[in-house]
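Colleague:
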Amino acid sequence: MKTHILVVLMQDHPGVLNRAVSMFRRRGYNIASLAVGHTETAGVSRMTVVVESDHVEQVVKQLYRLVEVLKVSDVTDDPTVEREMALVKLHVPSQQRAEIVALAEVFGAKIVDVSVTAMVIEMTGGPAKVDNFIDMVRPFGIKEMMRTGRIAMVRGARGHSGADLVDTGWQNDVAGAASAAAQ
Amino acid sequence: MSDKRTGAQILCEALIQNGVDTMFGLPGGAIMPFYHAMWEYRSELRHILCRHEQGAGHAAEGFARSTGRIGVCIGTSGPGTTNLVTPIADAWMDSTPMLAICGQVSSAVLGKDAFQETDITGITMPITKHNYLIKRVEDIAYAVKEAIFIATTGRPGPVLIDITKDALQASIVPDYSKKIFLPGYRPTYQGSKKQVKAALDLMLQSKKPVMMIGNGVMMANASDEVMAFAERYQIPVITTLHGLGAFPQDHPLSLGMPGMHGWVHANRAIQESDFLLNIGGRFDDRVTGKASTFAPNASIVHVDIDPSEIGKNIEVDVPIVGDAKLVLLSLLEEEPEEAKVTQFHQVAADWLVYVRELQAKHQHKQQYLNRPDTSVMMPHDVYAVLTKEMNERGNYRVVTDVGQHQMWAAQLLDWYRPRTHITSGGAGTMGFAMPAALGVAVAHPEDTVWVVCGDGGFQMTNQEMIVVVQENIKNIKIAIINNGFLGMVRQWQELFEGKRYSGTPLTSPNFQKLAEAYGWTGITVESGDQIEAAVQQAYATDGPVLIDFRVEREVNVFPMVPQNKSIGEMITE
Chain A
521 MKTHILVVLM QDHPGVLNRA VSMFRRRGYN IASLAVGHTE TAGVSRMTVV VESDHVEQVV
581 KQLYRLVEVL KVSDVTDDPT VEREMALVKL HVPSQQRAEI VALAEVFGAK IVDVSVTAMV
641 IEMTGGPAKV DNFIDMVRPF GIKEMMRTGR IAMVRGARGH SGADLVDTGW QNDVAGAASA
701 AAQ
Chain B
828 MSDKRTGAQI LCEALIQNGV DTMFGLPGGA IMPFYHAMWE YRSELRHILC RHEQGAGHAA
888 EGFARSTGRI GVCIGTSGPG TTNLVTPIAD AWMDSTPMLA ICGQVSSAVL GKDAFQETDI
948 TGITMPITKH NYLIKRVEDI AYAVKEAIFI ATTGRPGPVL IDITKDALQA SIVPDYSKKI
1008 FLPGYRPTYQ GSKKQVKAAL DLMLQSKKPV MMIGNGVMMA NASDEVMAFA ERYQIPVITT
1068 LHGLGAFPQD HPLSLGMPGM HGWVHANRAI QESDFLLNIG GRFDDRVTGK ASTFAPNASI
1128 VHVDIDPSEI GKNIEVDVPI VGDAKLVLLS LLEEEPEEAK VTQFHQVAAD WLVYVRELQA
1188 KHQHKQQYLN RPDTSVMMPH DVYAVLTKEM NERGNYRVVT DVGQHQMWAA QLLDWYRPRT
1248 HITSGGAGTM GFAMPAALGV AVAHPEDTVW VVCGDGGFQM TNQEMIVVVQ ENIKNIKIAI
1308 INNGFLGMVR QWQELFEGKR YSGTPLTSPN FQKLAEAYGW TGITVESGDQ IEAAVQQAYA
1368 TDGPVLIDFR VEREVNVFPM VPQNKSIGEM ITE
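Going down the list, the sequences are from chains A and B.
The first sequence lines up with residues 521 to 703 when you count with the working numbering.
The second sequence lines up with residues 828 to 1400 when you count with the working numbering.
This is the structure we're talking about:
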């Protein structure tokens, strides 16, 4: 199955994430990763969802059926910046500390906590780079690890702002068309 | 102070302002403030008390499907609303505009497992077009306006509003003026002109065109446009279960119903066609049979107001997103080159002759309705009399349940007018018919509403018979096709499971006595020669009548497409 990255802009209402995720579940669409948060526009949240599907067009259409979904874009084939973050707690006896610090430096990871026998490292980057880092530190003994979902943004001036989606002048068009259809 | 209204009063006023005049429901603790307020508005807002919320929901569906207007049902928190889940799911599957109003426990105890608390918005999220949990009195008026707008526009569907008791009880000066703000909801009504042109070009190049019409045509009131288009280009018209009545079946271009229990000639026409124009049907698996084998030679144009239906089950060549009526009007506006049309007419005429020959060869309906053998009472004999009597008297609507009787009704009764055939299609909800007929009868007091029902489904919701009496409704007649089995399951057990009748033989009460206990006229018919007199008595009786037809027990619905087979492979006996 092909992996797709969808950027979804939604009205920031209670339950909207539930609606989207529930739809994925019941239609059997497999979510590989999901991240959701606020955007530059008040009242608009943004979800990046990595979905494995050979029928991504259906996934997009089903998302659009949700009344609070404003815009869905499949950015899989667009040039994007993609980021994930991982917090990794490693078992680190003092004699191995220098080695880990060097490794973290190579990956651009940050050491955010150090104690006598452990370290917490913050690794941010593209999914492959995060994977790679985790593979590299695994031999040292991972005590805990937590990864976030992926977030993605298209490069360049073009993009997915919520601002132009939240206008007010449209409902008369729909009402007009509906009454024309009823005649 | 005098301008203040309680949330419950605001709810009533908002409903009236948005065109509601009839509601079906049952009171209970959390919804009580609404019932308290409803009394003041009773001259504008008729409430019909059902005996079970499922009945209220199906009644609202019957009201909505037979009128095209919003159907409203009410339940109290907890079990009152979970009982609405089945009709909501049914309305969702069959795109019925419905508003479910639910009482909820007070916001102070919400989330604390209070008495009769159920997360009904959570439960109904996958089976509603949208739903709301309203906890503030300020939000009630707008929620009603937005909910009815969503339920009745675009592809219609059920919308649920769950309102906490304290919001219904609190008072404010209401504001009904807030404009609808739905930036994420913009249904497309006008089909793309470019796609319309492409569709017509494709059709004019075809030699064996067929048109298939579904529920979308009914919803859009597009029957006249279907007729105009079919006649202009002389294309045979196939009507799905929910399209029955949208095109008069005595029309020379009508081929009737396709699919699992459709007619052989309709399915053959689809399989042999080289062009299929589907308007407002969703290529349900009961229509397509094994999807990969459906209409193998046809270029397919699919018109649907819901983009997600296009390409979901069947790959299409030209998708057109739009309202059935407006797209048909666009198709009719096109003025293709005269020469192309003339040439198309010539080849399509040959095809039409061929299709009519197919139709003449497979006269199952006529055979069923004119059986020479009268020694046993076959279900078909009941339909033969019903058809004749209905046609003679006119003004009928038929509500069917789910199962064998439903397929026989679709096959054997005559469908001429839109919204006269009301049934549970997508969800296949047994128990739908009796309560749905209540809604139809309330909406259409001038018509005779026939419930055609099996002995199994009837027993699921027959308690609603008493509502008919309480409301003094006289135009409902019930025909129970009583074969002592859950017949459709039994048919599959006979055909595919070596007659192991596991869980299908069915004992029923004496339906005539049951009817009489409810204050109805009850009739039992045990032989074919009594059918006509019984139906005539039903018509002559000024009040609700139930007829228990004790038909031959093990009879199968044919033709039939077995599961996962192509619709070209029909069993006919």
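Yeah, the Cβ is synthetic: ideal placement off N, Cα and C, and Gly gets one too.
Please state whether DSSP places B/E1298 in a helix, a strand or coil.
Modeller: Indexing the second sequence from 1 puts residue 1298 of chain B at position 471. Of the three classes helix, strand and coil, the one that applies to B/E1298 here is coil, per DSSP.
Colleague: B/D1131 lies in the alpha helix (DSSP H); which residues open and close that run?
Modeller: Along the second sequence, read from residue 1 onward, the residue named residue 1131 of chain B stands at position 304. No alpha helix (DSSP H) holds B/D1131; the beta strand (DSSP E) holding it covers S1126 to D1131.
Colleague: Run down chain A in chain order and give the residues with a C-beta less than 8 Å from the C-beta of B/I988.
Modeller: As a first step, residue 988 of chain B is located in the second sequence; it is residue number 161 there, counting from the start. Here the premise fails: no neighbours, minimum Cβ distance about 14 Å.
Colleague: For A/G689, which residues from the same chain have a beta carbon less than 7 Å from its beta carbon, with the 5 sequence-adjacent residues on both sides left out?
Modeller: Start at 1 with the first residue of the first sequence, and residue 689 of chain A comes out as number 169. For A/G689, the pLDDT reaches just 43, beneath the cut-off of 50, and the residue's location in the model is therefore unreliable, leaving the point undetermined.
Colleague: For a quick check, are the C-beta atoms of B/D1002 and B/A970 less than 8 Å apart?
Modeller: Taking the second sequence and counting its residues from 1, the one referred to as residue 1002 of chain B is at position 175. Taking the second sequence and counting its residues from 1, the one referred to as residue 970 of chain B is at position 143. Cβ distance not < 8 Å, so B/D1002 and B/A970 don't count as in contact.
Colleague: Going by Cα to Cα distance, which pick from A/A552, A/G679, A/N652 and A/R539 is closest to A/V626?
Modeller: Against the first sequence, residue 626 of chain A aligns to sequence position 106. Taking only the C-alpha atoms, the option nearest A/V626 is A/N652.
Colleague: Less than 8 Å between CB atoms is the rule here; does A/K609 satisfy it with respect to chain B?
Modeller: For the purposes of this step, residue 609 of chain A is identified with residue 89 of the first sequence, where counting begins at 1. No, A/K609 lies away from the interface with chain B (no Cβ there is under 8 Å from its Cβ).
Colleague: Could you give the distance in angstroms between the alpha-carbon of B/L1071 and the alpha-carbon of B/V1128?
Modeller: Sequence index remark: in the second sequence, residue 1071 of chain B carries index 244 (1-based). Sequence index remark: in the second sequence, residue 1128 of chain B carries index 301 (1-based). C-alpha separation (whole angstroms): 20 Å.
Colleague: Could you say if the region 1056-1072 of chain B and the region 1165-1179 of chain B meet the contact criterion of at least three C-beta pairs nearer than 8 Å?
Modeller: The region 1056-1072 of chain B, when compared against the region 1165-1179 of chain B, does touch it at the 8 Å Cβ threshold.
Colleague: So, under 8 Å CB-CB, B/M1087 and B/M1387 are touching, yes? Tell me the CB distance rounded to an integer number of Å.
Modeller: Here residue 1087 of chain B refers to the residue found at position 260 when the second sequence is read from its first residue. Here residue 1387 of chain B refers to the residue found at position 560 when the second sequence is read from its first residue. About 7 Å; that satisfies the 8 Å criterion.
Colleague: Taking beta-carbon pairs under 9 Å, can you tell me which members of the region 1000-1011 of chain B lie near chain A?
Modeller: The region 1000-1011 of chain B vs chain A, Cβ under 9 Å: K1006, I1007, F1008, L1009, P1010 and G1011.
Colleague: Kindly list, in the order they appear in chain A, the residues whose Cβ is closer than 7 Å to that of B/H1129.
Modeller: By one-based count along the second sequence, residue 1129 of chain B stands at place 302. Residues of chain A passing the Cβ test: none, with the nearest at roughly 13 Å.
Colleague: Relative to the alpha-carbon of B/V1362, which residue among B/N1124, B/C877 and B/K1304 has its alpha-carbon at the smallest distance?
Modeller: Within the second sequence, residue 1362 of chain B is the residue found at index 535, counting from 1. Closest option to B/V1362, Cα to Cα, is B/K1304.
Colleague: Can you tell which of B/Q1339, B/H1189, B/M1204 and B/A1025 has the C-alpha that lies nearest to the C-alpha of B/E1400?
Modeller: For this step, residue 1400 of chain B is matched to residue 573 along the second sequence. Looking at the Cα atoms, B/H1189 is the closest of the given residues.
Colleague: Among the residues of its own chain, which have a CB less than 7 Å from the CB of B/C839, if the five just before and after it don't count?
Modeller: As a working note, residue 839 of chain B is residue 12 in the second sequence. Closer than 7 Å at the Cβ level, and outside the excluded window around B/C839, lie A864, M865, Y868 and L872.
Colleague: Return helix, strand or coil for A/Q531, following the three-state DSSP convention.
Modeller: As a first step, residue 531 of chain A is located in the first sequence; it is residue number 11 there, counting from the start. Reduced to three states, the DSSP call for A/Q531 is strand.
Colleague: Taking C-beta pairs closer than 9 Å, name the residues in chain B that A/Y584 reaches, listed in chain order.
Modeller: By one-based count along the first sequence, residue 584 of chain A stands at place 64. Residues of chain B passing the Cβ test: G1011, P1134 and S1135.
Colleague: How would you label A/M521, buried or exposed, when you count the other beta carbons within 10 angstroms and need 16 or more for buried?
Modeller: As a working note, residue 521 of chain A is residue 1 in the first sequence. Counting Cβ neighbours within 10 Å, A/M521 comes out exposed, since fewer than 16 surround it.
Colleague: Pick out the complete beta strand (DSSP E) segments inside the region 961-1029 of chain B, 3 residues or longer, and give them in chain order.
Modeller: As far as the region 961-1029 of chain B is concerned, its whole beta strand (DSSP E) runs of at least 3 residues are 985-991.
Colleague: Name the residue from B/S1033, B/V1053 and B/C900 whose alpha carbon lies nearest to the alpha carbon of B/S1100.
Modeller: Taking the second sequence and counting its residues from 1, one reaches residue 1100 of chain B at position 273. Ranking the options by Cα distance to B/S1100, first place goes to B/S1033.
Colleague: Could I get the ranges of all uninterrupted alpha helix (DSSP H) runs contained in the region 1091-1120 of chain B, with 4 residues as the minimum, in chain order?
Modeller: You should have 1091-1099 and 1112-1115.
Colleague: 8 Å is my cut-off, CB to CB: does B/M828 come that close to chain A?
Modeller: Within the second sequence, residue 828 of chain B is the residue found at index 1, counting from 1. Residue placement at B/M828 is poorly supported in this model, since its pLDDT is 46, which falls under 50; the coordinates still yield a value, given next. It does not: the Cβ of B/M828 has no partner Cβ on chain A nearer than 8 Å.
Colleague: Please classify B/M1087: does DSSP put it in a helix, a strand, or coil?
Modeller: Here residue 1087 of chain B refers to the residue found at position 260 when the second sequence is read from its first residue. Coil, per DSSP.
Colleague: State the Cα-Cα distance for the pair B/M1287 and B/I1097, rounded to the nearest angstrom.
Modeller: Along the second sequence, one-based indexing puts residue 1287 of chain B at 460. Along the second sequence, one-based indexing puts residue 1097 of chain B at 270. B/M1287 and B/I1097: Cα-Cα distance of roughly 37 Å.
Colleague: Who are the neighbours of A/E588 on chain B, taking C-beta pairs under 7 Å?
Modeller: One-based indexing of the first sequence puts residue 588 of chain A at position 68. Going along chain B in sequence order, the residues near A/E588 (Cβ under 7 Å) are G1011.
Colleague: Relative to the alpha-carbon of A/R753, which residue among A/L590, A/K581, A/D574 and A/E602 has its alpha-carbon at the smallest distance?
Modeller: The structure shown does not extend to residue 753 of chain A, since chain A is modelled only from 521 through 703, so no value can be given for it.
Colleague: Please determine, among B/E1324, B/M1204, B/R1224 and B/M1397, the residue with the shortest C-alpha to C-alpha distance to B/V1352.
Modeller: Against the second sequence, residue 1352 of chain B aligns to sequence position 525. Checked all of B/E1324, B/M1204, B/R1224 and B/M1397; the closest Cα to B/V1352 is B/M1204.
Colleague: With H, G and I counted as helix, E and B as strand and the rest as coil, what does DSSP make of A/L623?
Modeller: Within the first sequence, numbered from 1, the residue matching residue 623 of chain A stands at position 103. It is helical.
Colleague: Taking only three categories from DSSP, how would you classify B/S1050?
Modeller: Sequence index remark: in the second sequence, residue 1050 of chain B carries index 223 (1-based). If DSSP states are grouped into helix, strand and coil, B/S1050 belongs with the helices.
Colleague: Just mark A/D693 as buried or exposed, buried being the case when its beta carbon has 16 or more other beta carbons within 10 Å.
Modeller: Taking the first residue of the first sequence as 1, we reach residue 693 of chain A at position 173. Bear in mind that a pLDDT of 49 at A/D693, under 50, signals an unreliable position, so the model cannot answer this.
Colleague: By DSSP's criteria, B/C929 is part of a beta bridge. Which residues make up the other side?
Modeller: Residue mapping note: residue 929 of chain B aligns to position 102 of the second sequence, counting from 1. For B/C929, which the question treats as bridged, DSSP gives the partners B/G902 and B/D989.
Colleague: Can you tell me which of the three DSSP states B/G1349 falls into?
Modeller: Along the second sequence, read from residue 1 onward, the residue named residue 1349 of chain B stands at position 522. Here B/G1349 sits in strand by DSSP.
Colleague: Output yes if chain B places a C-beta closer than 8 Å to the C-beta of A/E560; else output no.
Modeller: Translated into positions along the first sequence, residue 560 of chain A becomes position 40. Chain B, which has no Cβ nearer than 8 Å to the Cβ of A/E560, makes this no.
Colleague: With a 10 Å radius around its C-beta and 16 neighbouring C-beta atoms as the bar for buried, classify B/L1322 as buried or exposed.
Modeller: Within the second sequence, the letter at position 495 stands for residue 1322 of chain B. Exposed.
Colleague: Suppose the cutoff is 6 Å on Cβ atoms and the five residues either side in sequence are ignored; what does the same chain contact list for B/Y1243 look like?
Modeller: Locating residue 1243 of chain B in the second sequence gives position 416, where the first residue counts as 1. Excluding sequence neighbours, B/Y1243 sits near P1075.
Colleague: Compare the C-beta of A/W690 with all C-beta atoms of chain B and state if any pair is closer than 8 Å.
Modeller: The count along the first sequence starts at 1 and reaches residue 690 of chain A at position 170. Since pLDDT at A/W690 reaches only 47, below the 50 mark, its modelled position is unreliable, and the value read off the structure follows with that caveat. Interface residue, yes.
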